[in-house]
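Just so we're aligned: the sequence shown equals residues -29 to -1, 1 to 469 in mature numbering (1 follows the signal peptide of the UniProt record, and there is no 0).
The beta-carbon is built from N, C-alpha and C at its ideal position, and this holds for glycine as well.
Below is one structure, written out as structure tokens, with a few remarks after it.
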Amino acid sequence: MATGATEMAYKNYCVVFIIFALVIVQAVGYDTELYETKPCDSNACFDELHGSLGDCSCNVDTIDYFNNVKIYPRLQSLVRKDYFRFYKVNLKKECPFWADDSKCAMRFCHIKTCSKESVPGYENGYENEHIDESPATKYSKEAQSNCNSDTDHDHDLGYLNMTISAASQHEIAKWKAYDDALENFCGYDDKDVDAEYVDLLLNPERYTGYKGPSANRIWRSIYQENCFRPKPNPYESFPFVLTSDLGNMCLEKRVFYRAVSGLHSSINIHLCSKYLLYEKGAGFTSDGEWGPNLEEFQRRFDPSQTFGEGPNWLKNLYFVYLLEMRALAKAGPYFETEEYYTGNPTEDEETREAIHNMLSVIYTFPDHFNESSMFNGGSQAAKLKVEFREHFRNISRIMDCVGCDKCKLWGKLQTQGLGTALKILFSSRWNSPESDPNQGKLPVRHRSHERLQRTEIVALFNAFSRLSESIRQLEQFRVMLRSHEAKPVYLKCAKGCS
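Below you can see the structure in the form of structure tokens.
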């Protein structure tokens, strides 16, 4: 009798265990029946990463050389300057879309903020907005004309009443703020009470251990609710748009999806290249040992892991790199007149010289993205541009739902950087072309009286730096994969994918 009871209890235990295992499998994010264990081709991630990118005239190999040899070294030096290393951000905003108190408890998720007083030049106007007069025109001959000369005009006939009440001035300022906000692709929280300065060099982007349902929900919401999806793909737990479906989308929607996908790929590459290999106390530094994790890289990008999409995601990284580089080129004349003030004259001059040097290199790139081919078509195109902007604003707000402070910091910065690039490319205020010596070609530089906020400039250059480093890191993984060719790696590979 006791034996029968024991057997029954054992069977019940097995049933409970099986049910529990099935629940865990469902929570992982991808359906395991779609996978099988098999050796993955070590070269598969890069076999298709060459040739044309699509939606532009550029190719992967051109960008690889241009970035790794010319851009990457300059950018790495530039973003270490004081002007670009301090970023003001509000990391305490509540998630506006769902109630989620999932916070990363690992110490690597936390960031180190710094006081306002420790930011170079803060006391002498580091945060000051732009003055009305541009330094380039303030002392021009035209600006020095004597407006009070009696020979210029009749005082009575020429009298202009400039009186505006304080209330009216306040309302006009609100109108301008409203108009400016319409052109923005993301919100700005650097003026919030809870906004704090963060030293980006003390808080590098790397693997923090933030994962699971909370992290999956972020990207699932971005792809399923805020990207222009042509139709649901056959894999329910696979939120991405299949490359085979991109052809059914118009250019503008493809560009949006590929930009977001490229940003996602870049972030994943950072996590793989700066992975926590050994914890503190294992004979390494007090902060642990960080380095590239080849198996993690293959898990995220190998075709056998991603229903064949991994190489296309890597191509999207190159695509968003082109977008942001084009924005820097287009707004080049503006960046060339910025002061980059930090209160240290020597450092500020070095920063200006570094900006001029890097822009002069960017201007020489032969195949810049052509944004003028987008949003042409009257009222429908205008409506699509509004939708395009609103979708991206939602994505920037989703970043407030990230449960890891360090992930949130870099997510918000890179999203704002991409949003600033899109603003430069697609805002009508940035569309007055400067004459270009190459007749018949897209004007490389544009003149504009539009102004960018300091946080926008810091975000754009740092975001472009992250993309540049991701492309550079791909070369490291190429080398590692070649050295592992004789050692097949066994991973869970998607069924039906070669």
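List the whole-angstrom C-beta distance separating L20 from E223, where the pair is believed to meet the contact cut-off of C-beta under 8 Å. No, L20 and E223 are not in contact; Cβ-Cβ is about 25 Å, not under 8 Å.
Any contact between the stretch 422 to 440 and the stretch 390 to 400? By contact I mean 3 or more CB pairs, one from each, below 8 Å. Short answer: they touch.
Are the stretch 35 to 45 and the stretch 329 to 340 touching, with three or more C-beta to C-beta distances below 8 Å? A contact exists between the stretch 35 to 45 and the stretch 329 to 340.
Using 8 Å as the cut-off, can you tell me whether the stretch 318 to 330 makes contact with the stretch 362 to 377, which would need three or more C-beta pairs spanning the two stretches below that distance? The way I'd put it, the stretch 318 to 330 doesn't touch the stretch 362 to 377; fewer than three beta-carbon pairs between them come closer than 8 Å.
When DSSP builds the beta bridges, which residues end up paired with K59? Under DSSP, K59 shares a beta bridge with Y168.
Please confirm if the stretch 228 to 240 is in contact with the stretch 277 to 296, defined as three or more CB-CB distances below 8 Å between the two stretches. Result yes; three or more Cβ-Cβ pairs closer than 8 Å.
Consult DSSP for Y311 and reduce its assignment to one of helix, strand or coil. Assignment of Y311 by DSSP, reduced to helix, strand and coil, places it in the coil class.
Mind reading off the beta-carbon distance from K91 to N433? Whole number of angstroms is fine, and I expect it under 8 Å. The question names Lys, but residue 91 in the sequence shown is Pro. Here P91 is actually not in contact with N433; their C-beta atoms are around 17 Å apart, not less than 8 Å.
Does any C-beta atom of chain C lie closer than 8 Å to the C-beta of S185? The structure shown contains no chain C; it is built from a single protein chain.
For F363, which residues of its own chain have a beta-carbon under 7 Å away from its beta-carbon, when the five flanking residues on both sides are left out? The beta carbon of F363 is closer than 7 Å to those of F156, C157, G390 and L393 in its chain, skipping five residues each way along the sequence.
Which of helix, strand or coil does DSSP assign to E446? In this structure, E446 counts as helix in the three-state DSSP scheme.
Would you call the stretch 15 to 34 in contact with the stretch 260 to 280, where contact means no fewer than 3 C-beta pairs closer than 8 Å? The stretch 15 to 34 is in contact with the stretch 260 to 280.
Within 10 angstroms of its Cβ, does K357 collect 16 or more other Cβ (buried), or is it exposed? Reading off the sequence, residue 357 comes out as Val, not Lys. The residue is exposed, with fewer than 16 neighbouring Cβ atoms inside 10 Å.
Are the CB atoms of S439 and Y58 within a distance shorter than 8 Å? The Cβ atoms of Y58 and S439 do not sit closer than 8 Å to each other.
For S120, which residues in the same chain have their Cβ closer than 7 Å to its Cβ, ignoring the five residues on either side in sequence? Caution applies to S120, whose pLDDT of 44 falls short of 50 and renders its modelled position unreliable; the value that the coordinates give is listed next. Exclusion of the five residues before and after S120 leaves no residue of its chain whose Cβ lies closer than 7 Å to its Cβ.
Tell me, please, which residues DSSP counts as bridged to T84. T84 pairs with V169.
Confirm, please, whether the CB-CB distance from Y292 to E267 is below 8 Å. For the pair E267 and Y292, the CB atoms are not nearer than the 8 Å cut-off.
Starting from Y292, follow the alpha helix (DSSP H) in both directions and report where the run begins and ends. Counting along the chain, the alpha helix (DSSP H) containing Y292 begins and ends at G281 to K301.
Inter-residue Cα distance where the pair is L294 and S236: If you draw a straight line from the Cα of L294 to the Cα of S236, it is about 15 Å long.
Cut-off 8 Å between Cβ atoms - residues of its own chain near D319, not counting five sequence neighbours on either side: The answer, listed in chain order, is Y54, E310, Y311, Y312 and T313.
Between L248 and the rest of its own chain, which residues show a CB-CB distance below 6 Å, the 5 nearest in sequence each way excluded? Beyond the five residues adjoining it in sequence on each side, L248 comes within less than 6 Å, by CB distance, of E260 and G262 in the same chain, given in chain order.
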